[in-house]
Ligand SMILES: NC(=O)C1=CN([C@@H]2O[C@H](COP(=O)(O)OP(=O)(O)OC[C@H]3O[C@@H](n4cnc5c(N)ncnc54)[C@H](OP(=O)(O)O)[C@@H]3O)[C@@H](O)[C@H]2O)C=CC1
Ligand SMILES: CC(=O)N[C@@H](CCC(=O)OP(=O)(O)O)C(=O)O
């Protein structure tokens, strides 16, 4: 039987992107679409890019409207998912795009989100080593933050192979849709266009513990991450530039003749069976424009022999692979469907 899918937060950026993907998903049927302030409005009033669903009426977001579905996507502000999820059927698949269930350490949650920790769900990043087994048949999934998706997928092969020291430095630029449509002064077009600025500098961004959690798990030891996010004057996309010092043994090989090929071979092997990760040919670099609207992750790696550092660069669309695409991919994995169903590797360019 075709799974019936509800989308909570259907009036938002992430909810709208989930619906865009589900309209081309051959294995699901769209059920309730819900919202908060936009409840009772037509979807066409708030998501003009979805003409096929324009006549659907947004219902209020509540357990009553979401129950009775096989799959429920929650695309709500942080903190709203946990109380709602408790009221949903235990055997429905609930996929949360918010942060409520991503972190394992309650102290991390308290420090970065300020409230009580609601728990930890299987993490919706199928490419993370060992994660597919955890997702298959799962009834609750926590979709990663957009920066953690871009950074973890760029760096995990280096940590899995023991190539680098457990201290990474990441500078990542994101399009403004990553912040949602909240009318903060700093997101006005006049403030954002033609200008770039960092934020959350000095370990203050809430994705820092998520990055540490992911990379430490792969490395088998605690990995610290110095993470600096940057707001870029574009609607969508994340470009993450990640680096880590090569371990002395690895550096000797990686910085010598043919070393970069050996490093590439590690990444090629790690990504070999991944439908959405593309290690670019030597000399080509990831660009956000090339992955727009797709579930693709572009990656490139280089060895800086002088600094003895490994550089890994990735590009994703924050709303597709960084949220809604990752959510649909994880749903597919949980339901035992091909992971690529409803998801494209082709971007929209120029
Ligand atoms: N934007 C991105 O790139 C990413 C977002 N996410 C996560 O996805 C979630 C949604 O983000 P995004 O779509 O950007 O945010 P939006 O602000 O665009 O959408 C939020 C949605 O939640 C609804 N909503 C607002 N307040 C409440 C409330 N109190 N109770 C129930 N529903 C409410 C809104 O309804 P209405 O508009 O009708 O009031 C809207 O549908 C967040 O947790 C975010 O962190 C994750 C990764 C990346
Ligand atoms: C540009 C921008 O503001 N981006 C958001 C990240 C959005 C996201 O993926 O994260 P969550 O799901 O954890 O909110 C931020 O830095 O807060």
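Residue numbers (the UniProt record's numbering): 1 to 350.
All C-beta atoms in this analysis are idealised placements derived from N, C-alpha and C, irrespective of residue type, glycine included.
Computed from a predicted structure; not experimentally measured.
Which residues in the same chain as residue 255 place their Cβ atom closer than 8 Å to its Cβ, once the five residues preceding and following it in sequence are excluded?
-> 246, 303, 305 and 308
Got a sec: does ligand 2 put a non-hydrogen atom nearer than 7 Å to the Cβ of residue 207?
-> yes
Same chain, Cβ closer than 6 Å to residue 271, five either side skipped, listed in chain order | 277 and 279
Can you list, in chain order, the residues of its chain whose CB lies under 6 Å from that of residue 346, leaving out five sequence neighbours each side?
-> 294
Going by other Cβ atoms of all chains shown within 10 Å of its Cβ, with 16 needed for buried, is residue 188 buried or exposed?
-> exposed
Which whole-angstrom value describes the C-beta separation of residue 95 and residue 71, a residue pair presumed to lie in contact below a C-beta threshold of 8 Å?
-> 7 Å
Cα-Cα separation, residue 343 to residue 119 | 29 Å
In the DSSP assignment, what residue or residues form a beta bridge with residue 133?
-> The partner list for residue 133 (beta bridge, DSSP) is empty, contrary to what the question assumes.
Would the segment 318-325 and the segment 231-244 be scored as touching if the rule is three or more Cβ pairs under 8 Å?
-> yes
Cα-Cα separation, residue 24 to residue 47 | 16 Å
Going by beta carbon distance, what residues of the same chain come within less than 7 Å of residue 55, once the five residues before and after it are set aside?
-> 42 and 44
Does the distance from the C-beta atom of residue 8 to that of residue 75 stay below 8 Å?
-> yes
Own chain partners of residue 194 with C-beta closer than 8 Å, once the 5 adjacent residues on each side are dropped = 233
Which ranges would you report for the beta strand (DSSP E) in the segment 147-219 if only whole runs of at least 3 residues count?
-> 164-174
Taking 8 Å as the cut-off, decide whether the C-beta atoms of residue 148 and residue 210 are in contact.
-> yes
Closer than 7 Å: is that where the CB of residue 146 sits relative to any heavy atom of ligand 1?
-> yes
Residue 62 (DSSP reduced to helix, strand or coil) | coil
Does DSSP put residue 245 in a helix, a strand or coil?
-> strand
Using the rule of at least 16 other Cβ atoms within 10 Å of the residue's Cβ for burial, across every protein chain shown, is residue 331 buried or exposed?
-> buried
Determine the direct distance from the alpha carbon of residue 157 to that of residue 241, and round the result to whole angstroms.
-> 15 Å
Residues that DSSP places opposite residue 229 in a beta bridge | 172
Simplified DSSP assignment, three categories, for residue 111 | helix
Taking the alpha carbon of residue 141 as the point to measure from, which residue in 180, 173, 154 and 101 has its own alpha carbon closest?
-> 101
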